[in-house]
Every structure is written in C-alpha cells, then in structure tokens.
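To keep things clear, I will list the structure first and then write my remarks on it.
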Amino acid sequence: DAKTTQPPSMDCAEGRAANLPCNHSTISGNEYVYWYRQIHSQGPQYIIHGLKNNETNEMASLIITEDRKSSTLILPHATLRDTAVYYCIGASYNQGGKLIFGQGTELSVKP
Amino acid sequence: GAVVSQHPSWVICKSGTSVKIECRSLDFQATTMFWYRQFPKQSLMLMATSNEGSKATYEQGVEKDKFLINHASLTLSTLTVTSAHPEDSSFYICSARGTGSYNSPLHFGNGTRLTVT
Chain A
849 DAKTTQPPSM DCAEGRAANL PCNHSTISGN EYVYWYRQIH SQGPQYIIHG
899 LKNNETNEMA SLIITEDRKS STLILPHATL RDTAVYYCIG ASYNQGGKLI
949 FGQGTELSVK P
Chain B
44 GAVVSQHPSW VICKSGTSVK IECRSLDFQA TTMFWYRQFP KQSLMLMATS
94 NEGSKATYEQ GVEKDKFLIN HASLTLSTLT VTSAHPEDSS FYICSARGTG
144 SYNSPLHFGN GTRLTVT
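Taken in order, these protein sequences are the chains called A and B. Quick note: the first sequence uses this note's numbering, first residue 849, plus one each step. Quick note: the second sequence uses this note's numbering, first residue 44, plus one each step.
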C-alpha cells in the first residue's frame, strides 16, 4: 500500500470550500486513491476514489496531480456536519483490496 | 447504497468471557470482509481479512486463536473475542466489498464498542 501523508488538522469556515491535501509519492500505477471520513464514534464513510483522472460526486471532488504523487479532496461548501477525520488511502486489488488507514486529517468546520 | 450492519453496537462483558460480533452486508453479497480495531484517539488498525468459505488471514501481531473469525455466508462474518481481557476493550469495525468491480470501495459498519471489566 502507498504511504500517504496528510496534515494532522485543518480548520475551515462554514460555507467555504475545504481543500484537504494528501501526498502519496510512492503510489504505484495500479493503486487507486480512496478518501474516507470518520465522524466521532462511527464507522468510516466512503467519499470518493480515483486512479488518475479527476473525479466528482455529490459529496466531493478529487483532484489528482498528473504525476499522481499527490491529490486534494475538495468539499465545495463545508457545513458543520463535515467536521470529521478524513483519511486518504492508496490501495489496489492486487494487495487484497484491503485499506490501511494512516492518521488522517482532523477537519474542524467552524461557524 | 451498500449497507453494512454490525451487531451489537456496544457490549460490556466480564474478563474471561467471550464476545461475538456480527457483521452483515444487507443489500449485497460480500466475498471479502475486513475487521478493524480502533483505540481512543488512534486510527483504525486492520486485524484480519475474512473470505467466504475459507480461513481468515490475520495481520502480523494479531492472535488468530484469540480473535476467531468465521465467514460462513456471503452476507455474514463474525468476530469472536475469546477470553476477553480489559486490554481488549476497543472499538471494532467491519467492512465489506461487494462482488462488483475490483476497485469498488469498501463499506463500513458503524462499529461495536467493547468494554471488558
């Protein structure tokens, strides 16, 4: 699994875009980048994933650099309910499809 | 969307007893399930991979005789913590992948908080 590096914490004002960075310089060609978040005392929630193209869904956008060494998760209009720990994970089916969680980024959305 | 259900959501047991946690995929078949453990203020730690109809694969340092995993059907995996001790108190979370595309995301249950007294 690719080692990922995320800032331990970030703040964001309610209604503004939250941009969460992730470095994964050792990611291999067949590893996808997955983003999950965990709200206190709940199981992780899937947000989005991608291989090399930018992706967008109803929750967020994922921007992956051309060299695939880093990515950014964008929550376009953060709300207080987006306060959570966000995890960026590199994984592939070749490795059994398991997800190895790092320390993540604790995002605090403030009014 | 894919739903994974865990039961119970919390359990308190006495030291030396065994506790069984169930993980069910409610609207899809899961050939593979994963079990994680999370201590307070820490990240999730993968314990084992559970494959339907075969023995589980345990991560390094996880005692297979203490954490018994059974994946008897495509919708149910169980984790039994045997002879539980206070240091086994933790948040246990399961996840499952459906039989769709190989890169489909894992879906997680809401966890089981185990307290051993």
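Glycine is no exception: its CB is placed at the ideal position from the N, C-alpha and C atoms.
- Message: Mapping the DSSP letters down to three states, classify B/P129 as helix, strand or coil.
- Response: Here residue 129 of chain B refers to the residue found at position 86 when the second sequence is read from its first residue. Three-state result, B/P129: helix.
- Item | Partners in chain B for A/H897, counting only beta-carbon separations shorter than 8 Å | The count along the first sequence starts at 1 and reaches residue 897 of chain A at position 49. Correct list: N146, P148.
- Item | CA-to-CA distance, A/C870 to A/D930, given in whole angstroms | As a first step, residue 930 of chain A is located in the first sequence; it is residue number 82 there, counting from the start. As a first step, residue 870 of chain A is located in the first sequence; it is residue number 22 there, counting from the start. Cα to Cα, A/D930 sits roughly 18 Å from A/C870.
- Message: Using only CA atoms, which one of B/P51, B/S147, B/V124 lies nearest to B/S58?
- Response: Locating residue 58 of chain B in the second sequence gives position 15, counting from the first residue. Ranking B/P51, B/S147, B/V124 by Cα distance to B/S58 puts B/V124 first.
- Would you call the CB atoms of A/K946 and A/D859 closer than 8 Å? As a first step, residue 946 of chain A must be located in the first sequence, where it is residue number 98. As a first step, residue 859 of chain A must be located in the first sequence, where it is residue number 11. It is not a contact, given that the beta carbons lie outside the stated cut-off.
- Query: Looking only at C-alpha atoms, which of A/T874, A/S873, A/I911, A/P892 sits nearest to A/F949?
  - Reply: In the first sequence, the residue the question calls residue 949 of chain A occupies position 101. Looking at the Cα atoms, A/P892 is the closest of the given residues.
- Given A/S919 as reference, the closest of A/L928, A/P856, A/E862, A/S873 once Cα atoms are compared: Residue 919 of chain A sits at position 71 when you count from the first residue of the first sequence. Among A/L928, A/P856, A/E862, A/S873, the Cα nearest to that of A/S919 belongs to A/S873.
- Task: Would you please verify whether the beta carbon of B/I136 is less than 8 Å from any beta carbon of chain A?
- Result: Along the second sequence, read from residue 1 onward, the residue named residue 136 of chain B stands at position 93. True, the Cβ-Cβ gap to chain A drops below 8 Å.
- Mind checking which residues open and close the beta strand (DSSP E) that includes B/L119? Numbered from its first residue, the second sequence carries residue 119 of chain B at position 76. That run of the beta strand (DSSP E) goes 119 to 124.
- Query: Which chain A residues sit within Cβ distance under 8 Å of B/T92?
  - Reply: Taking the first residue of the second sequence as 1, we reach residue 92 of chain B at position 49. Going along chain A in sequence order, the residues near B/T92 (Cβ under 8 Å) are G944, K946.
- Neighbourhood of A/I875 by C-beta distance below 6 Å, restricted to the same chain and skipping five residues each side: The count along the first sequence starts at 1 and reaches residue 875 of chain A at position 27. So the qualifying residues of the chain are A850, R916, G938.
- Listed by chain order, chain A residues near B/F151 by CB distance under 9 Å: To locate residue 151 of chain B, count along the second sequence from 1; it is residue 108. Those are Y884, Q886, Q890, G891, P892, Q893, Y894, listed as they occur along chain A.
- Query: Just the Cα atoms here: how many angstroms apart are A/L955 and B/C56?
  - Reply: Here residue 955 of chain A refers to the residue found at position 107 when the first sequence is read from its first residue. Here residue 56 of chain B refers to the residue found at position 13 when the second sequence is read from its first residue. Cα-Cα distance, rounded: 34 Å.
- Query: When you compare only the Cα positions, how much space is there between B/T118 and B/H50?
  - Reply: Sequence index remark: in the second sequence, residue 118 of chain B carries index 75 (1-based). Sequence index remark: in the second sequence, residue 50 of chain B carries index 7 (1-based). Cα to Cα, the separation comes out at about 13 Å.
- Query: For A/S940, which residues of its own chain have a beta-carbon under 6 Å away from its beta-carbon, when the five flanking residues on both sides are left out?
  - Reply: As a working note, residue 940 of chain A is residue 92 in the first sequence. Closer than 6 Å at the Cβ level, and outside the excluded window around A/S940, lie N878, E879.
- Message: For a test of the three-state rule: what should DSSP assign to A/H915, helix, strand or coil?
- Response: Taking the first residue of the first sequence as 1, we reach residue 915 of chain A at position 67. Note on identity: in this sequence residue 915 of chain A is Asp, with His being the wrong assignment. A/D915: coil per DSSP, three-state reduction.
- Nearest residue (CA-CA) to B/P148, options A/Y894, A/S857, A/Q886: The sequence position of residue 148 of chain B within the second sequence is 105, counting from 1. Checked all of A/Y894, A/S857, A/Q886; the closest Cα to B/P148 is A/Y894.
- Query: Should A/G877 be flagged as near chain B, meaning a C-beta pair shorter than 8 Å?
  - Reply: Mapped onto the first sequence, residue 877 of chain A falls at position 29. No, A/G877 does not count as interfacial toward chain B.
- Item | Element boundaries [beta strand (DSSP E), containing A/Q893] | Position 45 of the first sequence, counting from 1, holds the residue named residue 893 of chain A. Annotation: the continuous beta strand (DSSP E) that includes A/Q893 extends over 893 to 898.
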